[in-house]
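For reference, the structure is listed below as C-alpha cells.
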Amino acid sequence: MYILKNGKILDENGKLITRDILISDDKIAKIAENIHEESAKVIDVSGKFISPGLIDVHVHLREPGGEHKETIETGTKAAAKGGYTTVCSMPNTKPVPDTPEKWMH
C-alpha cells in the first residue's frame, strides 16, 4: 500500500488541485486531502503532476523495415517507462501499410 502525498491532479472541472492518492493492490483506492494509513509507504510527490497516462500521437516504431532504429517492443517499452499508455505509430515502414492487406500483415 502506498500514498502519493501532495500530488497535483486535475479535478472533474479541469482545475489543478493538490491531493493525496492511496494505492492499494495496484489500484487507486482513494483520492483525498491528508490521507493517513499506518501501514502505507508514503511517497512525497509535492509539486509533481499525477496523471493516469499520457498519449503520443506521433511515434516512429519503424517496424517492419527499420528495426535497426526501433522496434515495436523497444518503442512501446520506452513509452511505458516514460508514462505513456497509448502511442500512435506513423506509417513510415517498409512496406508502407497503404492497403488493408499490408496493414493487417
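1 is the number of the first residue of the sequence shown in full-length UniProt numbering; add one for each residue after it. For every residue, glycine included, the Cβ atom is placed at its ideal position computed from N, Cα and C.
Asked, Found
"Which residues share a DSSP beta bridge with isoleucine 50?", "Its beta-bridge partners do not exist; DSSP assigns none."
"Throw me the rounded Cβ distance for the glycine 53 and threonine 76 pair, which I believe falls under 8 Å.", "Not really, about 13 Å apart at Cβ, beyond 8 Å."
"Would you check if the distance between the CB atom of leucine 16 and the CB atom of valine 45 is smaller than 8 Å?", "no"
"Closer than 8 Å is the cut-off here; do at least three beta carbon pairs connect the region 17-30 with the region 54-69?", "no"
"Give the DSSP-derived three-state secondary structure of threonine 18 in the structure shown.", "strand"
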